[in-house]
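In my numbering, the protein residues as written are 886 to 1027.
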């Protein structure tokens, strides 16, 4: 998988459309979770979009936010045909490279907490339900 990292200002209109379409397909349609994906944070100057392409097609993404002193990873998604091949590992490694030496947080869908633990994340609070899906807050120290 070819990985690239971009600020929103660096995304051409077609790539931005592909990114938001992928997130919509995975989170809103597949997971049946209508939520406001376009939350304004994509446009923040410190936000980075990690994109994964196979044969030129966008199949994966993650978003890295600057949460003031710490980074936040979210919107991690893989298109259904790209799953089961370890490609999400590449996305998370690239996202972590963008966090630098800052601590990093994320809200993991609960069944994925063990996978995120493999990247040094630890559960940092009680489970909560967001948009009908159980999540665990997780933190990765510096």
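No residue lacks a Cβ here, since even glycine has one placed at the ideal position from N, Cα and C. Everything numeric in this text was worked out from a predicted model, so none of it was measured.
C-alpha gap between residue i and residue j, whole angstroms
i            : j            : result
residue 997  : residue 949  : 18 Å
residue 1004 : residue 1021 : 15 Å
residue 980  : residue 1024 : 14 Å
residue 971  : residue 886  : 10 Å
residue 925  : residue 969  : 31 Å
residue 967  : residue 928  : 27 Å
residue 973  : residue 963  : 7 Å
residue 908  : residue 1007 : 25 Å
residue 902  : residue 1009 : 34 Å
residue 900  : residue 944  : 12 Å
residue 921  : residue 983  : 25 Å
residue 923  : residue 952  : 17 Å
residue 898  : residue 906  : 12 Å
Cβ shell of residue i (< 7 Å), same chain only, five flanking positions each side left out
i            : result
residue 1017 : 918
residue 995  : 1012, 1019, 1020, 1021
residue 955  : 987, 988, 989, 990
residue 939  : 886, 967
Buried or exposed by the 16-neighbour rule on C-beta atoms within 10 Å, applied to residue i
i            : result
residue 894  : exposed
residue 1014 : exposed
residue 941  : exposed
residue 914  : exposed
residue 931  : exposed
Same chain, Cβ closer than 6 Å to residue i, five either side skipped, listed in chain order
i            : result
residue 957  : 950, 990
residue 1027 : 986, 988
residue 1001 : 993, 1023
residue 912  : 918
Expected contact under 8 Å - CB spacing of residue i and residue j to nearest Å
i           : j           : result
residue 959 : residue 888 : Between residue 888 and residue 959 the Cβ distance is about 17 Å, and since that is not below 8 Å, they are no contact.
residue 904 : residue 947 : About 10 Å; that fails the 8 Å criterion.
residue 933 : residue 890 : 5 Å
Beta-carbon proximity list for residue i, same chain, < 8 Å, skipping 5 on both sides
i           : result
residue 916 : 1018
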